[in-house]
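In this note's numbering, the protein residues as written are 2 to 422. Cβ coordinates follow ideal geometry from the N, Cα and C atoms, glycine included. Below is one structure, written out as structure tokens, with a few remarks after it.
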Ligand code: EPU
């Protein structure tokens with residue numbers, strides 16, 4: 002099993018180029034199943050999750066060609082299977098997103114379901130509520146190992162989401178593009194990845210309006226056309242490097258990030274004393290100007306503070322003056338990194354959905370694990386400021402979602418290597 006060895010590093014300095022967004026590209030690849038025509042996708046990050054979805058959509062009938070490192074063409078002349086088998090979906094929860102496009106295009110989807118994951122139970126009832134509203138029949142076996150959805154013809158309908166779920170909004174948007182008539186989605190998620198998916202669908206010929214607000218309206222169309230789309234930069238990767246500048250008291254120029262997508266992270270870092278400047282070349286993040294102090298964080302749907310940046314930010318808060326409170330409102334079990342950080346010398350106490358982080362801690366390198374993708378990123382950040390060597394295992398989580406993570410950190414001066422044990 003591969004591991005990272007991380008040593009205490011000098012303050013990170015230099016520039017980093019942000020890759021295409023993992024959470025934008027996955028639904029877009031699934032949406033490419035909707036069209037018979039060729040979709041060209043640029044700025045696709047080279048990630049394990051992208052490979053997993055490529056295998057799944059290829060199995061379902063898509064011809065996927067990699068033109069160069071970050072450019073793919075996807076063309077689905079016909080759907081060859083309406084069933085997504087367990088061995089292809091169990092590697093990644095976002096695989097479920099193929100159900101909507103399969104249903105819209107063929108009238109049937111049977112998708113085996115991965116269980117919950119380390120960050121929470123990850124239910125799908127909001128997705129299914131949307132499909133039912135569009136007139137589909139939904140069947141699940143008793144233990145919920147698969148879901149089968151059928152419909153002769155999807156008919157546009159009002160969909161109210163009880164919570165602005167990112168996946169449910171994406172899924173219903175995709176299915177509604179080929180339904181008869183209009184589908185307004187109320188309490189829709191407003192994340193930038195939703196806007197990117199809407200832009201992609203519209204380039205294919207869909208009629209989606211209002212993405213990025215709480216009401217999205219989709220007017221069904223008959224057919225799609227070829228399109229060419231560049232994936233938005235990854236706001237969580239950008240946030241991770243912003244926090245890296247802060248935790249190492251470094252000075253990093255972040256290129257290619259969309260500043261408006263990382264406003265909440267920037268605001269919280271600024272409250273701690275980090276200086277952030279917009280320059281012609283990118284966002285300059287300086288943790289080396291002021292003494293850094295504590296702050297409190299509540300994760301919220303966009304534009305609130307993203308749950309995906311919670312664990313890296315918590316690693317940073319262990320190093321500042323004062324105590325901080327972090328409240329995780331999105332996932333019920335996203336504090337798995339806390340015990341790992343405490344093993345390195347942090348002092349973090351959990352009480353339900355809140356964590357109190359006592360600052361100014363002296364971290365020591367030890368053997369720790371990545372319990373999920375973002376927890377892994379948090380451990381790398383902690384390792385950069387811990388004395389000695391941090392040996393981080395289960396790094397496949399990190400490689401699922403960060404392109405060239407080690408190389409990017411090394412370029413900024415970090416002492417980190419990947420070894421095969
Ligand atoms: N939820 C329900 N019922 C549903 C759907 C969701 O109760 O039918 C709950 C979830 O259990 C969770 C909350 O709603 O507690 C938020 O879930 P959401 O559906 O918004 O998240 P997701 O679509 O499953 C995406 C990202 C996550 C990111 C969340 C929140 C992708 C592939 N994944 O997940 O990314 O944390 O939105 O922003 O887009 C990551 O990148 O590390 C990651 C976990």
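Asked, Found
"If you measure from the CB of residue 338, is any heavy atom of the ligand EPU nearer than 8 Å?", "no"
"Here's the rule: buried if 16 or more other CB atoms are within 10 angstroms of the residue's CB, otherwise exposed. What is residue 409?", "buried"
"Looking only at its chain, what residues have a beta carbon closer than 6 Å to the beta carbon of residue 11, apart from the 5 residues adjacent to it on each side?", "414"
"Please list the segments of the alpha helix (DSSP H) lying wholly inside the stretch 37 to 62, counting only runs of 4 or more residues, in order along the chain.", "49 to 61"
"If you draw a straight line from the alpha carbon of residue 84 to that of residue 244, how long is it in whole angstroms?", "41 Å"
"Sorry if obvious, but does the Cβ on residue 128 come closer than 8 Å to a heavy atom of the ligand EPU?", "yes"
"Keeping to the same chain, check which residues put their C-beta closer than 8 Å to that of residue 289; ignore five residues upstream and five downstream.", "12, 250, 251, 252"
"The ligand EPU heavy atoms versus the CB of residue 20: any closer than 8 Å?", "no"
"Using CA atoms only, rank isn't needed, just tell me which of 205, 372, 358, 388 is closest to residue 345.", "388"
"Do residue 155 and residue 136 have their C-beta atoms closer together than 9 Å?", "yes"
"What are the boundary residues of the beta strand (DSSP E) that includes residue 216?", "216 to 220"
"Tell me residue 97's beta-bridge partners as DSSP assigns them.", "Paired residue(s): none; residue 97 is not in a bridge."
"Below 8 Å, is the gap between the Cβ of residue 331 and the nearest heavy atom of the ligand EPU?", "yes"
"Assuming contact is defined by CB atoms lying nearer than 9 Å, are residue 124 and residue 94 in contact in what I supplied?", "no"
"For the ligand EPU, any of its heavy atoms closer than 8 Å to the Cβ of residue 13?", "no"
"When the Cα atoms are used, what is the spatial distance from residue 233 to residue 150?", "31 Å"
"Counting C-beta neighbours from all protein chains within 10 Å, is the total for residue 184 16 or more, i.e. buried, or is it exposed?", "buried"
"Roughly how many angstroms separate the alpha carbons of residue 276 and residue 348, rounded to a whole number?", "26 Å"
"Answer with buried or exposed for residue 370, where buried requires no fewer than 16 other C-beta atoms within 10 angstroms of its C-beta.", "buried"
"Pick from 299, 258, 240, 48: whose alpha carbon is nearest that of residue 72?", "48"
"Would you be able to state if there are at least three C-beta pairs under 8 Å between the stretch 351 to 362 and the stretch 370 to 384?", "no"
"Decide if residue 224 is buried, meaning its Cβ has at least 16 other Cβ atoms within 10 Å, or exposed.", "exposed"
"Mind checking whether the beta-carbon of residue 121 lies closer than 8 Å to any heavy atom of the ligand EPU?", "yes"
"Relative to the C-alpha of residue 264, which candidate in 91, 304, 254, 186 has its C-alpha closest?", "304"
"Can residue 33 and residue 58 be called in contact, C-beta distance under 9 Å?", "yes"
"How should residue 78 be labelled, buried or exposed, when 16 other C-beta atoms within 10 angstroms of its C-beta is the threshold for buried?", "exposed"
"Specify, as a first and last residue, the run of the alpha helix (DSSP H) that residue 232 falls within.", "Where residue 232 is concerned, there is no enclosing alpha helix (DSSP H), given that its DSSP letter is neither H nor E."
"In terms of residue numbering, what span does the beta strand (DSSP E) encompassing residue 469 cover?", "Residue 469 falls outside the range modelled here, since the chain spans only 2 to 422, and no answer is possible."
"Which residues mark the beginning and the end of the beta strand (DSSP E) in which residue 362 is found?", "No beta strand (DSSP E) contains residue 362, which DSSP labels as neither H nor E."
"With C-beta atoms as the reference, is residue 178 less than 9 Å away from residue 222?", "yes"
"Going by C-alpha distance, which of 381, 401, 258 is nearest residue 5?", "381"
"State the DSSP-derived secondary structure class of residue 421, mapped to helix, strand or coil.", "strand"
"With a threshold of 16 other CB atoms inside 10 Å of the CB of residue 191, please say whether the residue is buried or exposed.", "buried"
"On the DSSP letters alone, give me the boundaries of the alpha helix (DSSP H) that residue 174 sits inside.", "167 to 177"
"Is residue 402 close to the ligand EPU? I mean its beta-carbon at under 8 Å from any heavy atom of the ligand.", "yes"
"If I follow the unbroken alpha helix (DSSP H) through residue 377, where does it start and stop?", "374 to 386"
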